Structures are given as structure tokens and as C-alpha cells.
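One structure is given here, and the rest of the page talks about it.
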Amino acid sequence: MTRPKRHLCIVGDSETLNGSGGKDAGNKKKDKAAKGKGSGDRGSADGGFLRRWMEWLGEEAELRYADYL
19 MTRPKRHLCI VGDSETLNGS GGKDAGNKKK DKAAKGKGSG DRGSADGGFL RRWMEWLGEE
79 AELRYADYL
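Residue numbering for the sequence shown follows my numbering, starting at 19 and increasing by one per position.
The following block contains the structure:
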């Protein structure tokens, strides 16, 4: 990711990026807890940046959906 000069366009699945989607999401959380890793930001590889960014996007971002024919 770079700093955009005019705009930033991101195409992706926010549920996947946020870690809250998918049929195995609950199992992965249980696996992390069993391994001794907490759900805090310090245990994540990005220091919690991605989670905070997705929360910000949920409140501030403009969402556009394609019209299907």
C-alpha cells in the first residue's frame, strides 16, 4: 500500500480482511486461544493496523456497488 496523492481505491472483501468472515473463522479463533495467543493487537503481525483500518473504513469510507444487468 502506498500513500495516494488523489484517491485510494481498494477492492476486497472486508469480512475476510477484518477476520470476521468465513465458515472457519470461529475455529481459527479457538486455535489461537489454545496456542496461547491472545486476541490483542500485540499478537498480530501488523500490530493491529489492519483491524483498526477496517473499523475506520466501516465508519468513514464511501462504498460503491456495481449495478448488475
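By construction, the Cβ of each residue, glycine as well, lies at the ideal position given by its N, Cα and C atoms. This one's a predicted model, so the numbers in the text were calculated from it and none came from an experiment.
Could you give the DSSP three-state label for residue i: helix, strand or coil?
i, result
"GLY80", "In the sequence on display, residue 80 carries Glu and not Gly. GLU80: coil per DSSP, three-state reduction."
"ARG24", "coil"
Taking the straight line between their C-alpha atoms, what separation do you get for residue i and residue j?
i, j, result
"GLU80", "TRP74", "11 Å"
"ASP64", "TRP71", "11 Å"
"ARG69", "ARG82", "21 Å"
"ARG21", "GLY76", "20 Å"
"GLY85", "SER62", "A small correction: the amino acid at residue 85 is Asp; Gly does not occupy that position in the sequence shown. Spanning the two alpha carbons is a distance of roughly 36 Å."
"PHE67", "LYS23", "21 Å"
Would you say the beta carbon of residue i comes nearer than 6 Å to a heavy atom of the ligand FMN?
i, result
"TRP71", "Summarising the ligand content, the structure contains no ligands, and the ligand FMN is consequently not present."
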